[in-house]
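Under our numbering, the letters of the sequence shown match residues 41 to 197, in that order.
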Amino acid sequence: MSGGRKFDSKKYKDLRDFKSKEIKRSLVHRARLRKNYFKLIEKEGGRPSTDPVDELKKEPTKGENTHRETKGPRHERNDVKKSNLTYYEKSQLIKQRKEEKRQAILQDVRERRDKIEKSNQQRDRMKEKLSQKTKHGQPLMGPRINNLLDKIKKDMS
């Protein structure tokens, strides 16, 4: 036993051999499954269906509407409408849309600033009312109670 060859535990020395055998095995397996499928369909009496790849390549018949046929005329109509405009008109239209968009954004910013300003003024007035003190330095309870009542009314409505 001492002079014999050692057993090689690796099935494949080269990974390419393994990969090629694996591919061949999967192809043979698929072909066998396909053959059995068509045999089974023939036994049941139905005609064997064509390959799904062949069905995609097949041209549509007169009665069938394809996705491409329904969308084709729409694109042509849009192209005709757009091509009626000259380059100058197109550029003016684009400028006008940009300007409208810019004006809308500016208007939103102005409204937001006005809202913030109003809320700050209201907060300052409320702070002024709540900071009123008696002649002995105690806080006045009247404005505090009114503030709480206003909050309750606001929540109720």
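We put the CB at the ideal spot given by N, CA and C, even for glycine. Model, not experiment: these values are computed from the prediction.
State yes or no: is the C-beta of residue 194 within less than 8 Å of the C-beta of residue 183?
Taking the C-beta atoms as reference points, residue 183 is found no nearer than 8 Å to residue 194.
Determine the burial state of residue 197: buried for a count of at least 16 other Cβ atoms within 10 Å of its Cβ, exposed for fewer.
Its Cβ having fewer than 16 others within 10 Å, residue 197 is exposed.
Enumerated in chain order, which unbroken segments of the alpha helix (DSSP H) with a length of 4 residues or greater are wholly contained in the stretch 134-164?
Counting only runs of 4 or more, we get nothing.
Residues that DSSP places opposite residue 179 in a beta bridge:
BP columns for residue 179 point to 173.
Distance, Cα to Cα, residue 165 vs residue 133?
Going from the Cα of residue 165 to the Cα of residue 133 covers about 48 Å.
So, under 8 Å CB-CB, residue 173 and residue 180 are touching, yes? Tell me the CB distance rounded to an integer number of Å.
Right, the Cβ-Cβ distance comes to about 7 Å (below 8 Å), so this counts as a contact.
Between residue 209 and residue 148, what straight-line distance do the alpha-carbon atoms span, to the nearest angstrom?
Because the chain is modelled from 41 through 197, residue 209 falls outside the range shown and cannot be assessed.
Is it buried or exposed for residue 153, if we count other Cβ within 10 angstroms and need 16 for buried?
Residue 153 is exposed by the Cβ-count criterion.
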